Amino acid sequence: MFRCRFRDFLILPLLAALPLSAAAQTQTAQSQPRHNLVLFVPDGLRAAMVGPETAPAMAALRDRGVNFTNPHSMFPTFTTANASAMATGHYLGDTGDFSNTIYTGFPVTAAGGSVTPFLENDKVIAEADTHFGGNFFDEEALLKAAREAGFSTAAIGKLGPTLMFDHTASDGATTIIVDDATGTPSGVPLSPEVAAALTAAGLPAATPGRGANGKAGDATHPGTTVANVEQQSYLADVATRAVLPLFKKRGKPFVLVFWSRDPDGTQHNQGDSLGRLTPGINGPTSLAGIRNADDTLAKLQQGLSAVGLADTTDIVIAADHGFSTISKESATSASAKATFADTPKGLLPSGFLALDLAGALGMPLLDPDAKNAPVAPGAHPAKGNGLIGGTVEAPDIVVAANGGSDLIYLPTGNATAKQALAAKVLSTLLAEDYISGLFVDDALGRFPGTLPLSAINLNGAAVTPLPAIAVNFRSFDTGCDMPVRCTAELADTPLQQGQGMHGSFSRADTMNFMAAAGPDFKPGLVDPAPVSNADIGKTLAHLLGLKPVAKGHLVGRVIDEALPGSAALPQVARETVASDPSPQGLRTVVDLQRIGETRYFDAAGFPGRTVGLSAAPTANPTNNMANAPAAR
Numbered sequence: 049m050f051r052c053r054f055r056d057f058l059i060l061p062l063l064a065a066l067p068l069s070a071a072a073q074t075q076t077a078q079s080q081p082r083h084n085l086v087l088f089v090p091d092g093l094r095a096a097m098v099g100p101e102t103a104p105a106m107a108a109l110r111d112r113g114v115n116f117t118n119p120h121s122m123f124p125t126f127t128t129a130n131a132s133a134m135a136t137g138h139y140l141g142d143t144g145d146f147s148n149t150i151y152t153g154f155p156v157t158a159a160g161g162s163v164t165p166f167l168e169n170d171k172v173i174a175e176a177d178t179h180f181g182g183n184f185f186d187e188e189a190l191l192k193a194a195r196e197a198g199f200s201t202a203a204i205g206k207l208g209p210t211l212m213f214d215h216t217a218s219d220g221a222t223t224i225i226v227d228d229a230t231g232t233p234s235g236v237p238l239s240p241e242v243a244a245a246l247t248a249a250g251l252p253a254a255t256p257g258r259g260a261n262g263k264a265g266d267a268t269h270p271g272t273t274v275a276n277v278e279q280q281s282y283l284a285d286v287a288t289r290a291v292l293p294l295f296k297k298r299g300k301p302f303v304l305v306f307w308s309r310d311p312d313g314t315q316h317n318q319g320d321s322l323g324r325l326t327p328g329i330n331g332p333t334s335l336a337g338i339r340n341a342d343d344t345l346a347k348l349q350q351g352l353s354a355v356g357l358a359d360t361t362d363i364v365i366a367a368d369h370g371f372s373t374i375s376k377e378s379a380t381s382a383s384a385k386a387t388f389a390d391t392p393k394g395l396l397p398s399g400f401l402a403l404d405l406a407g408a409l410g411m412p413l414l415d416p417d418a419k420n421a422p423v424a425p426g427a428h429p430a431k432g433n434g435l436i437g438g439t440v441e442a443p444d445i446v447v448a449a450n451g452g453s454d455l456i457y458l459p460t461g462n463a464t465a466k467q468a469l470a471a472k473v474l475s476t477l478l479a480e481d482y483i484s485g486l487f488v489d490d491a492l493g494r495f496p497g498t499l500p501l502s503a504i505n506l507n508g509a510a511v512t513p514l515p516a517i518a519v520n521f522r523s524f525d526t527g528c529d530m531p532v533r534c535t536a537e538l539a540d541t542p543l544q545q546g547q548g549m550h551g552s553f554s555r556a557d558t559m560n561f562m563a564a565a566g567p568d569f570k571p572g573l574v575d576p577a578p579v580s581n582a583d584i585g586k587t588l589a590h591l592l593g594l595k596p597v598a599k600g601h602l603v604g605r606v607i608d609e610a611l612p613g614s615a616a617l618p619q620v621a622r623e624t625v626a627s628d629p630s631p632q633g634l635r636t637v638v639d640l641q642r643i644g645e646t647r648y649f650d651a652a653g654f655p656g657r658t659v660g661l662s663a664a665p666t667a668n669p670t671n672n673m674a675n676a677p678a679a680r
């Protein structure tokens, strides 16, 4: 059983006049010319880090347009998961992109035969699409719908999420795709038209690598001290010197998605803080990554002006997630007490969750990223993923390691066997100090100390395998005037303590940067209402006049209050949902906000172990949601 209470109910004030009716707004939108749209995604940009000194172009756009002061990433707070929400307007329970690494249920050739592939790979995405009926999201992506409605479309930037905005074509002849893999056999091909445009602009037809920025270092050598300037500069040149002039020449409206790898890539790999929690991701290298992303936005704006399209183009900025500094410290983990050649003594190795589960349950552990070889004593899974028990073809437990949260799957056995195994897994997890919140497949029943996946919109219409348990890791404040700027989190990753990661349910990871400006947005609006990346997807489709047919029902809302013609800010309710206590007295708690049927998840976990989370209710609340259906 789990329970919900209203913490407060906030009615945001009306402005000057009542909003137009839905019919009137639709009629007005249809009578206006279609504008161009740029979605700029500064991967991993924390909202609290944007200001005139750190990111002047983004700060200026935010201040002259719409400042979304209450932004929300999807949980798990990972890149491809949030790309799926932006591309479809749906929560992860519908898109099935539950994290950057998921269990597919079949060996993925493009991932070396692993059943736990990393999705930031064009060939892996294409293989997943083929296996899951031609579209592993099972929802229509934004750029596909836009091009079929007559828009010119392009997606440029980071490998993986860039393609996801029109992943079912991958032909290069429809939507222009330029990412890290462009110019290689694993990349999406360029059409003759685009290749000619690149040649005319004096640009090569292959994306350069990251160079020194791609060096993550190791336990004894620090990572990078430079931002991803060379690669990002090339991609920005492709957008401004080739694609925008081409769109201008075509003479029809366009949609451009630019997914900036920075600051994410630099924050992950930064070498300013090896082994230390401070400055962590607030050192000079991470700040250079933020500025690099900001310079890219400024370059895109200049490119729009150069072709005379600035005044007719909406620019929406939405980071996929926030960011935290990695901690690898645990007093309870058996793996932290073991010895590994590549892990400092006393710290958690990559794959600690799989190692601790296999050890506690007395089951063998195989590495799906090493041809399913057994993990030997003194070793750990190469990428943290693990197959536990059973056989290679039918493991009892699969761990998909991701960073600030992991996914656990129970692929085999009947319902009774799975429930019994889930109980053993949960008992093990509840004893670990690095855990902060557990969410369990509704079909497995209720377990003390946990909440169901439906409580956080992870149980929907997805066609990919549903995780049995979503595991959130502990986060904490390392000490500064604003905890969301200096949060550390336990992270299941090959990266080192002191480097950067995300994925947790802390407010530091859910608080992504969002802003918008252009002819279809109000000027100078500070919007205090909650907004999510699913809302971004819904709103972009609305602005483009698109009406994709939804298969799932876990959807965002159109951000009406930010658009001309709507004078009212929405009513917002704040709620806390809490589980029954575990035998250890632990409760999984979720702080959320609600606008009508749409829910926004601020933070979740065990009180005292997640940054930004309130305390659990001390008395039984009046609203019993134990038997409530999965909410939107």
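According to the working numbering, the residues represented by the sequence shown are 49 to 680, in order.
Positions of the beta carbon are idealized from the N, C-alpha and C atoms, including for glycine.
The structure displayed is predicted, hence computed values, not measured ones.
Have a look at the DSSP bridge pairing and note the partners of MET549.
-> SER372
Using DSSP bridges, identify the partner residues of GLU537.
-> ILE374 and SER523
Output yes or no for whether 8 Å exceeds the beta carbon distance between PHE654 and ILE504.
-> No. Outside cutoff.
Distance CB(ASN581)-CB(MET134) smaller than 8 Å = yes
Which listed residue (GLY160, ASP186, GLY235 and GLY434) has its alpha carbon closest to that of HIS601 | Distances from the CA of HIS601 to each of GLY160, ASP186, GLY235 and GLY434 were compared; the closest alpha carbon is that of ASP186.
Got a sec, what are the start and stop residues for the alpha helix (DSSP H) TYR282 sits in?
-> 277 to 285
Is the beta carbon of TYR457 less than 8 Å from the beta carbon of ARG522?
-> no
6 Å CB neighbourhood of VAL242 in its chain, flanking five on each side removed = ILE224
Kindly indicate which three-state DSSP category VAL473 falls into: helix, strand or coil?
-> helix
Excluding the five sequence neighbours on either side, which residues of its own chain have a C-beta within less than 8 Å of the C-beta of VAL277, listed in chain order?
-> In the same chain as VAL277, and ignoring 5 residues on each side of it, the C-beta atoms closer than 8 Å to its own belong to ASN261 and ASN340, in chain order.
With C-beta atoms as the reference, is ASP312 less than 8 Å away from GLY451?
-> no
ALA174 (DSSP reduced to helix, strand or coil) = helix
Can you tell me which of PHE524, VAL574, ARG289 and HIS138 puts its alpha carbon nearest to the alpha carbon of THR117?
-> VAL574
Going by other Cβ atoms of all chains shown within 10 Å of its Cβ, with 16 needed for buried, is THR670 buried or exposed?
-> Unreliable positioning characterises THR670 in this predicted model, as indicated by a pLDDT of 28, which lies under 50. The coordinate reading is nonetheless provided below. Counting Cβ neighbours within 10 Å, THR670 comes out exposed, since fewer than 16 surround it.
Give the DSSP-derived three-state secondary structure of ASN560 in the structure shown.
-> In the structure shown, the three-state DSSP call for ASN560 is strand.
C-beta contact flag for THR41 and HIS179 at 8 Å = Examination of residue 41 is not possible in this model, given that the chain is present from 49 through 680 alone.
Between the CA atoms of ALA379 and ASN183 - distance to the nearest angstrom = Roughly 43 Å separates the two Cα atoms.
Beta-carbon separation (whole angstroms), THR136 vs ALA189, contact threshold 8 Å | Right, their Cβ atoms sit about 6 Å apart.
Taking three-plus beta-carbon pairs below 8 Å as touching, is the segment 468 to 481 in contact with the segment 397 to 405?
-> yes
Other residues of its chain near LEU395: CB distance less than 7 Å, five sequence neighbours each side excluded = LYS376, GLU377, ALA384 and GLN545
Going straight from the alpha carbon of ASP170 to that of SER234, what length do you get?
-> 7 Å
If we count Cβ pairs, one from each stretch, closer than 8 Å, do we get three or more for the segment 109 to 127 versus the segment 140 to 153?
-> yes
Expressed to the nearest angstrom, what Euclidean distance is found between the alpha-carbon atoms of THR152 and LYS466?
-> 18 Å
What does PRO500 pair with, by DSSP beta-bridge criteria?
-> VAL488
Between PHE371, GLY257 and ILE436, which lies nearest to VAL163 when the distance is taken from Cα to Cα?
-> ILE436
Terminal residues of the continuous beta strand (DSSP E) containing LEU435?
-> 434 to 436
Just tell me which of ARG642, ASP490, SER552 and SER627 has its CA closest to the CA of ALA663.
-> SER627
With distances taken from CA atoms, which of ARG533, GLN619, PHE495 and VAL303 is nearest LEU634?
-> PHE495
Anyone know if the C-beta pair for THR333 and GLY323 falls short of 8 Å?
-> Their beta carbons are not under 8 Å apart, which means THR333 does not touch GLY323 by this criterion.
Reduced DSSP secondary structure (H/G/I, E/B, other) of ASN169 = coil
Are the beta-carbon atoms belonging to THR26 and ASP444 less than 8 Å from one another?
-> Nothing about residue 26 can be read from this structure; the chain reaches only from 49 to 680.
For GLY205, write down the residues that DSSP places opposite it in a beta bridge.
-> ASP227 and TRP307
Would you identify the three-state DSSP class for SER662, choosing helix, strand or coil?
-> SER662: coil per DSSP, three-state reduction.
For THR143, does the three-state DSSP call read helix, strand or coil?
-> helix
Other residues of its chain near ASP583: CB distance less than 7 Å, five sequence neighbours each side excluded = If you ignore the 5 residues before and after ASP583, its C-beta comes within less than 7 Å of the C-beta of GLY604, ARG605 and ILE607, all in its own chain and listed in chain order.
Check the DSSP bridge columns for ILE643 and list the partner residues they point to.
-> THR646
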